[in-house]
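Chemist: Could you have a look at this structure, given as structure tokens, before my questions?
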Amino acid sequence: MREFEHNKLKIGNWHTRRHFFSRCGIGVGSLALSSLLAGESRAESLGEENPLAPKPTHFLPKAKNVIFLFMAGGPSQLEMLDYKPRLAELNGQPIPESYIAGKRFAFMDSSHRVNLLGSKRPFQQYGNNGTWISDLLPHTAQIVDELTIVKTCKTDLFNHAPAKLFMNAGTGQFGRPSMGAWVTYGLGSECEDLPGFVVLQSGPRGPRGGGVLWGSGMLPTTYQGVPLRNQGDPILNLSTPSQVTTHEQRQVIDAVRELNLKRLVETGDEEISTRINAYEMAFRMQSSAPELMDTSAESQNTLDLYGIRDPGESSFARNCLLARRLVERGVRFIQLYHTNWDHHGGPTENLEKHLPEICREIDQPSAALVMDLRRHGLLDDTIVVWGGEFGRTPMGEVRESTGRNHHIDAFTMWFAGGGFRRGYVHGETDELGFGPVSHPTHVRDIHATILHQLGLDHKRLSVRFQGLDVRLTGVDEAHVMHEALG
Amino acid sequence: MPRRLTLRPYVQRGSSKRLRLLPRCLQITISACILLGCGVQLAVAQQTGDEASSAADVSFNRDVLPILSANCYACHGFDEEARQADLRLDSAAGAAAGSDLGEPILVAGDPDASLLIKRVEATDDDIMPPMETGKSLSKEQQEILRRWVAQGGKYEKHWSFEPPQPPPVPEVVDIHGQPVTHPIDRFIQAKLKSQELAPSPIANDTTLLRRVSLDLTGLPPTLAEIDHYLAAAAIDREAAYREAVESLLNSPHYGERWGRWWLDQARYADSNGYSIDAPRQIWKFRDWVIDALNADMPFDQFTIEQLAGDLLPQATQSQRVATGFHRNTQINQEGGIDKEQFRIDSVFDRVATTGTVWLGLTVGCCQCHDHKFDPIQQREYYQLFAFFNNQDEPTLKVYGDSVSGEELRSELKGAYAALDQYIQDHLAEYEAWESKLTDAEVKKLADSAQKGLSMTRDKRSSEQMRELFAIEVGKISSDFQTLLQRAEELDNQVNGAATTLVMAERAQPRSTTVFIKGDFTRPAEEVQPGTPSVLHPLQADGELPNRLDLARWIVSADNPLTARVIVNRVWQVYFGRGIVETENDFGSLGVPPSHPQLLDWLALDFQEQQWSLKSLHRLIVTSHTYRQSSQVREDLRRIDPNNYLLGRQQRLRLDAELIRDVALSASGLLESQLGGPPVFPPIPDGVMGQGQVKRAWKVSVGADRYRRGLYTFVYRATPPPSLNVFDAPDGFSTCTRRSRSNTPLQALTLLNDSAFVEFASALQQRIEHEGIEAAFRRCTGRVPSDDELQILAGLDIKTAARVLLNLDETLTRE
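Protein chains in written order, with the working numbering: chain A, 1 to 486; chain B, 1001 to 1814.
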């Protein structure tokens, strides 16, 4: 019964208030209680009852919010951010056996190829430290001095759904809390009229794995990600039913509150006051969520920055703008999914045509988000993460056209804001881009680092489940990437 | 004979300590010791510590073990590989053997000479546990260890591994000086009395009837049932209550309500999970559970049929269906996967689920290493694994109860043979017809018929011949028609029958090895099926023990765990918390029972009553402890704010499915048909698009739109939002306790979800016919007060109906 725990935590004020009533005799009447409660500041009553109330951190945080731009499907680092001229020279040759001995790959049985594939994209150096970036990401190239680029990310799983889950939850096992759930569980939310963890989606289909990617696992559903939808109600069941007026809706909420208060006095069950607050927040959400989605007050200049042509149209660009608006409102964890990066070389997923297309969809908005957060003074408090569940192999895959297979030993992600080092490249891969030669960075290290910046110790943020102290970083060691900070 | 129990005055200290701890508790919120969510446990270590802090005698199991296991065993425990300084503190022998540091670890009676005490009390870098573990002992915990050593430093076997002993039932008198007779009340009230607390009075009639109806059947009482009960209670309250309990236990809805309790543990859902999440058919298993519970199948048999029904001699269809329990694992259909990896994953899940559900042990921990806290080795884990590593996973066609599938199939074969014979006998007529066919006529025939005609006769299949024959020659023969009809009927029965997923033992066993760190690509030594040596020995029928032997071992009278675990898990439904609060961990990291003797008494009684769950339910709901009011009392709030002592009942928000059921029932829409394929009530648009593969959700029409929540089709990847938002489990792993969250999204669901809007307009019509008071009673069971009526009277009827369905009381079992 987690509620007992919450009750215990919130006993403070409530307890004294209740004590007061009981000494006066419960017969003092619901009216008195109701007016007293109503007279209280909303923040106070919320702080007591709301499981999403802000909570103290383990140590001083560097950042408050996270925006995770999830490139679902596994973007090819070799075409974008990990420049490998030697790989191009060896194009078409078999990969030396020493690289692949004992390794396992997806689709091992059928389409796996061992011939190296050099990238055809031209690369140039950008920024103060001359970071190599290809022509696929011209806008990202312009903000390179804001970024920590990590070229040596490593994960454990090579199939989409489990690997996505691994990136989100630190395990491939379905039914564990995702990072957003962990973070809102650990920190609460600073937003009183929107969920603490919000998910936005774009691209031709939903990400593989679906709702478990933002699930709360064994944590209460309070902490699960709430998808904001681009069509219909932004939040499920947000709109008042069509046959009900706003006035009638308010009447329902008021009458429910009054009757619930009477029951609270009658039974003394504090859970009822939590419910009263939940109804108030629900009512506020009914106006705050549409207000969030309404971008008509954003300037043309801002829309142009993101490359939003039609503000009414659902797109990754619009979702990036919404992410900034969510951070402004104090939403703790925002995750954007954009599909489909699974460029195996099939008829709709090759490196020649489809990769450049999807890069155009995400490049400008991602860079714009970082710039926009900077100019609004929000970047220092917000960690922006860009990356997918894994990368792609230095070996080519030839189906109908050219692509690459899933690769888990070294792939590239970038981080901005939230105390990450500006203009810094973390880790280098070998000349073929197969594995790390310095600073190997496991998904666990990424998780530990993000938590660390938020003021949370990855070893202490845990819950007991089936005898295990379940953590985002699991049971194996995780290391905060200190060099990439500050 | 009156018997004095040595009871710990723990609540008083617990509560005062809790106040002191409050600021720390806030910190602790984000560390391990918080209870959250399904199956997540509340490690009330501080509470256990409190209990002892002033008790004269320190008990190893109660006071010391929780401290050692949570803080020391990870490095000084059972797990050899993780062991530091060559020291183990999990056994007397280990502590006596000392460490590689030489200095004696534990000197009985002399804490100052014991390195254990020096190190935990150290103020420098020597402190144990070391800083970098993030663990530390409170002053109180240090004090407990000191006193334990001073009192002799004796170890005890962990309580749950000792068989339950028949405890003396305390003698207690009630406030009128009358002896308390119900055994549960005697245990509960003895402990309350030791705190100078009295139980609460019995709840009023309507509250009690609604409570017991919801608890036993998941449905609120109808107006007629309430009226009947009130009239009967006016004459003889006790008789009326007992009559109500019997009638509820005999209701078929009992099986639905408690079936869902079991389905949570079975991780039941209607899809394959992972990313593809295709639908599957396994609802016959769900119906099996409902039927078995309604028939009060003894729990030991219930266990054996689910774990090994296929291995029983002359296994019936029903016993095979029961083995669906362990087919509720996910199946990964993603491209490019290594199938063996996911088969192994499902076996891991079966081992962990079996351990959690029946043994209350966290055996899953040993997948990667020896258990750090409980005496189970990794090798023993893989011995358990071996029982589940030897199955094929077939799909079973399920025929009607009185029909044998085999007979049906052979009859069908016979019917086709008869048809074919008839065709043989009338070939001349047929050939005459075929030879006269014109091209134009052929073109008008079905594609399949045209294809048949294009082949020479000897190339045609019997199926094709039947089709061609039926076009004209057979059509005018009533004999042929009769044969055809019979064949089609049988075909339909055989091929249209529902299927369900079951287990079947392989003839050739797979070999099982230990996997290093649980990684299936790293096999180590080979193992044979076996059970953990800390528990009772396994008896096997054959040479190699199989699942049937395992199932019998689990429900053996020698097993100290199963009966305790199950009675505890039933108890928690009635009181919101188990006697062992960590209902899925009876191991050394779990919380010791709040009423250990009651737990043992219940476990032994359960077995004496032939494992009858209905007897257990009857026993609990007829106790005063169950029937008392849930109203919070000032003295209880002060002394036992979290109601560990059960001086009152507990208001509990209803489970997700029951919230739907109550609304359906109050609004008069409920369709109470039992069992059958899952249904598709309306859900908000766009929900199914959240998964990787967009699944269809064709809204059920007619009665199926209004079935109970447990019949709603559950896709694991895109669960029905109105169930999900009220904490219905996801079916990814076993759920032995649901969380009860209380959120704005729940409010939005009840206010705005189209299903609830529909329920509200049905309730509105009821109000129009029978008035607001009756509708209030349908929702809450009780008559509204004048104040309440006044509030409702100020609203229009539509609004009033919506208000009633949104009341906290409507959603709550009081």
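For every residue, glycine included, the Cβ atom is placed at its ideal position computed from N, Cα and C.
As the structure is a computational prediction, the values presented were derived from the model and not from experiment.
Name the DSSP bridge partner or partners of A/Ile383?
Modeler: Residue numbering aside, residue 383 of chain A sits at position 383 when the first sequence is read from its first letter. According to DSSP, which records beta bridges pairwise, A/Ile383 is partnered with A/Val66.
Chemist: To the nearest whole angstrom, what separates the beta carbons of B/Asp1277 and B/Tyr1715, a pair I think is in contact under 8 angstroms?
Modeler: Taking the second sequence and counting its residues from 1, one reaches residue 1277 of chain B at position 277. Taking the second sequence and counting its residues from 1, one reaches residue 1715 of chain B at position 715. About 6 angstroms separates the two Cβ atoms, so the contact holds.
Chemist: Please list the residues of the segment 1274–1294 of chain B that have a C-beta atom closer than 9 angstroms to any C-beta atom in chain A, keeping them in chain order.
Modeler: Cβ contacts with chain A come from Tyr1274, Ser1275, Ile1276 and Asp1277.
Chemist: Would you check if the distance between the CB atom of B/Ser1099 and the CB atom of B/Tyr1155 is smaller than 9 angstroms?
Modeler: Taking the first residue of the second sequence as 1, we reach residue 1099 of chain B at position 99. Taking the first residue of the second sequence as 1, we reach residue 1155 of chain B at position 155. Their beta carbons are not under 9 angstroms apart, which means B/Ser1099 does not touch B/Tyr1155 by this criterion.
Chemist: Nearest CA to the CA of B/Phe1325: which residue from B/Asn1272, B/Asp1227, B/Leu1312 and B/Leu1501?
Modeler: On the second sequence, position 325 is the one that residue 1325 of chain B refers to. For the residues B/Asn1272, B/Asp1227, B/Leu1312 and B/Leu1501, the minimum Cα distance to B/Phe1325 belongs to B/Leu1501.
Chemist: Would you list, in chain order, the members of the segment 325–340 of chain A that have their beta-carbon closer than 8 angstroms to a beta-carbon of chain D?
Modeler: In the structure shown, chain D does not exist; the protein chains are A and B.
Chemist: Helix, strand or coil for A/Phe415, going by three-state DSSP, please let me know.
Modeler: Reading the first sequence from its first residue, position 415 is the one you call residue 415 of chain A. Strand at A/Phe415.
Chemist: Is the CB of A/Asp381 under 9 angstroms away from at least one CB in chain B?
Modeler: Your numbering for residue 381 of chain A matches position 381 in the first sequence. Closer than 9 angstroms: no.
Chemist: Can you name, in chain order, every residue of its own chain whose Cβ lies under 6 angstroms from the Cβ of A/Gln93, other than the five neighbours on each side?
Modeler: In the first sequence, the residue the question calls residue 93 of chain A occupies position 93. The answer, listed in chain order, is Leu116.
Chemist: Out of curiosity, what's the CA-to-CA distance linking A/Glu48 and B/Val1632?
Modeler: In the first sequence, residue 48 of chain A corresponds to position 48, counting from 1. In the second sequence, residue 1632 of chain B corresponds to position 632, counting from 1. Residue placement at A/Glu48 is flagged as unreliable, the pLDDT there being 41, under the threshold of 50; the coordinate-derived value follows with that caveat. Distance between the alpha carbons of A/Glu48 and B/Val1632 is about 19 angstroms.
Chemist: For a quick check, are the C-beta atoms of A/Pro311 and A/Glu328 less than 9 angstroms apart?
Modeler: On the first sequence, residue 311 of chain A is found 311 positions in, with the first residue counted as 1. On the first sequence, residue 328 of chain A is found 328 positions in, with the first residue counted as 1. It is not a contact, given that the beta carbons lie outside the stated cut-off.
Chemist: Roughly how many angstroms lie between the CA atoms of B/Met1131 and B/Asp1125, to the nearest whole one?
Modeler: The residue given as residue 1131 of chain B occupies position 131 in the second sequence. The residue given as residue 1125 of chain B occupies position 125 in the second sequence. Their Cα atoms are separated by approximately 8 angstroms.
Chemist: Find out if the Cβ-Cβ distance for the pair A/Thr131, A/Gly427 is shorter than 9 angstroms.
Modeler: Translated into the one-based positions of the first sequence, residue 131 of chain A becomes position 131. Translated into the one-based positions of the first sequence, residue 427 of chain A becomes position 427. Going by C-beta atoms, A/Thr131 is not nearer than 9 angstroms to A/Gly427.
Chemist: Any beta carbon from chain B within less than 9 angstroms of A/Lys120's own beta carbon?
Modeler: Position 120 of the first sequence, counting from 1, holds the residue named residue 120 of chain A. Not closer than 9 angstroms to any Cβ of chain B, the Cβ of A/Lys120 fails to qualify, so no.
Chemist: Using the beta-carbon count (16 or more within 10 Å), is B/Val1473 buried or exposed?
Modeler: The residue given as residue 1473 of chain B occupies position 473 in the second sequence. Buried: at least 16 other Cβ atoms inside 10 Å.
Chemist: For B/Arg1802, I'd like the list of residues in its chain whose CB is within less than 6 angstroms of its CB, leaving aside the five on either flank, ordered along the chain.
Modeler: As a position in the second sequence, residue 1802 of chain B is number 802, starting the count at 1. Same-chain partners within the cutoff: Ala1760.
Chemist: Give a yes or no on whether 9 angstroms exceeds the smallest Cβ distance from B/Pro1523 to chain A.
Modeler: Against the second sequence, residue 1523 of chain B aligns to sequence position 523. So no, B/Pro1523 is outside the interface.
Chemist: Where does B/Gly1364 fall in DSSP's three states?
Modeler: Locating residue 1364 of chain B in the second sequence gives position 364, where the first residue counts as 1. B/Gly1364 falls in the helix class under three-state DSSP.
Chemist: Is there at least one Cβ from chain A nearer than 9 angstroms to B/Val1803's Cβ?
Modeler: For the purposes of this step, residue 1803 of chain B is taken as residue 803 along the second sequence, with counting starting at 1. Yes, B/Val1803 counts as interfacial toward chain A.
Chemist: Buried or exposed: which applies to B/Ile1175, given that a residue is buried once 16 or more other Cβ atoms fall within 10 Å of its Cβ?
Modeler: Residue 1175 of chain B sits at position 175 when you count from the first residue of the second sequence. Under this definition B/Ile1175 is an exposed residue.
Chemist: When you compare each of B/Tyr1268, B/Ala1074, B/Gln1141 and B/Arg1737 to B/Leu1089 by their alpha carbons, which one comes out closest?
Modeler: Residue mapping note: residue 1089 of chain B aligns to position 89 of the second sequence, counting from 1. Here the closest residue by C-alpha is B/Ala1074.
Chemist: Would you identify the three-state DSSP class for B/Trp1258, choosing helix, strand or coil?
Modeler: Translated into positions along the second sequence, residue 1258 of chain B becomes position 258. The answer is helix: DSSP assigns B/Trp1258 an H, G or I state.
Chemist: Output needed in chain order: residues of the segment 1715–1737 of chain B with a Cβ under 7 angstroms from some Cβ in chain A.
Modeler: Cβ contacts with chain A come from Ala1717, Thr1718, Pro1721, Asn1724, Val1725, Asp1727, Asp1730, Phe1732 and Ser1733.
Chemist: Nearest by alpha-carbon distance to B/Asp1270: which of B/Val1555, B/Phe1732 and B/Leu1197 is it?
Modeler: Indexing the second sequence from 1 puts residue 1270 of chain B at position 270. The shortest C-alpha separation from B/Asp1270 is found at B/Phe1732.
Chemist: Closest to B/Ala1095 by CA distance: which of B/Ala1122, B/Val1149 and B/Pro1129 is it?
Modeler: Along the second sequence, read from residue 1 onward, the residue named residue 1095 of chain B stands at position 95. Among B/Ala1122, B/Val1149 and B/Pro1129, the Cα nearest to that of B/Ala1095 belongs to B/Val1149.
Chemist: From what residue to what residue does the alpha helix (DSSP H) around A/Cys320 run?
Modeler: In the first sequence, the residue the question calls residue 320 of chain A occupies position 320. Residues Phe316 to Glu328.
Chemist: Please classify B/Gln1189 as buried or exposed, where buried requires at least 16 other C-beta atoms within 10 Å of its C-beta.
Modeler: The residue you call residue 1189 of chain B lines up with position 189 of the second sequence. With 16 or more Cβ atoms within 10 Å of its Cβ, B/Gln1189 is classed as buried.
Chemist: Comparing the C-beta of A/Thr348 with each C-beta of chain B, is any distance below 9 angstroms?
Modeler: Looking up residue 348 of chain A in the first sequence gives position 348. Not one chain B Cβ lies under 9 angstroms of A/Thr348.
Chemist: Would you check if the distance between the CB atom of B/Thr1712 and the CB atom of B/Pro1681 is smaller than 9 angstroms?
Modeler: Start at 1 with the first residue of the second sequence, and residue 1712 of chain B comes out as number 712. Start at 1 with the first residue of the second sequence, and residue 1681 of chain B comes out as number 681. It is a contact, given that the beta carbons lie within the stated cut-off.
Chemist: Does any CB atom of chain A fall closer than 9 angstroms to the CB of B/Asn1071?
Modeler: Within the second sequence, the letter at position 71 stands for residue 1071 of chain B. By this cut-off, B/Asn1071 is not an interface position.
Chemist: Would you identify the three-state DSSP class for A/Leu485, choosing helix, strand or coil?
Modeler: For the purposes of this step, residue 485 of chain A is taken as the residue at position 485 of the first sequence. Looking at A/Leu485 - three-state DSSP - the assignment turns out to be strand.
Chemist: Could you say which of A/Ala478, A/Arg460, A/Gly423 and A/Pro440 lies nearest to A/Tyr126 if we only look at CA atoms?
Modeler: As a position in the first sequence, residue 126 of chain A is number 126, starting the count at 1. Of A/Ala478, A/Arg460, A/Gly423 and A/Pro440, the residue nearest in Cα terms is A/Gly423.
Chemist: In the structure shown, what three-state DSSP assignment does A/Asp342 receive?
Modeler: Here residue 342 of chain A corresponds to residue number 342 of the first sequence, with the count starting at 1. Coil, per DSSP.
Chemist: Tell me which residue opens and which closes the alpha helix (DSSP H) that B/Asn1806 is part of.
Modeler: The count along the second sequence starts at 1 and reaches residue 1806 of chain B at position 806. First-last of the alpha helix (DSSP H) with B/Asn1806: Ile1797 to Asn1806.
Chemist: Taking A/Ser76 and A/Arg392 to be in contact with their CB atoms under 8 angstroms, please state how far apart those CB atoms are, rounded to whole angstroms.
Modeler: Residue 76 of chain A sits at position 76 when you count from the first residue of the first sequence. Residue 392 of chain A sits at position 392 when you count from the first residue of the first sequence. That pair is a contact at about 4 angstroms.
Chemist: Looking only at its own chain, which residues have a Cβ that is under 6 angstroms from the Cβ of A/Glu431, when we skip the five neighbours before and after it?
Modeler: On the first sequence, residue 431 of chain A is found 431 positions in, with the first residue counted as 1. Excluding positions up to five away in sequence, the list reads Arg86.
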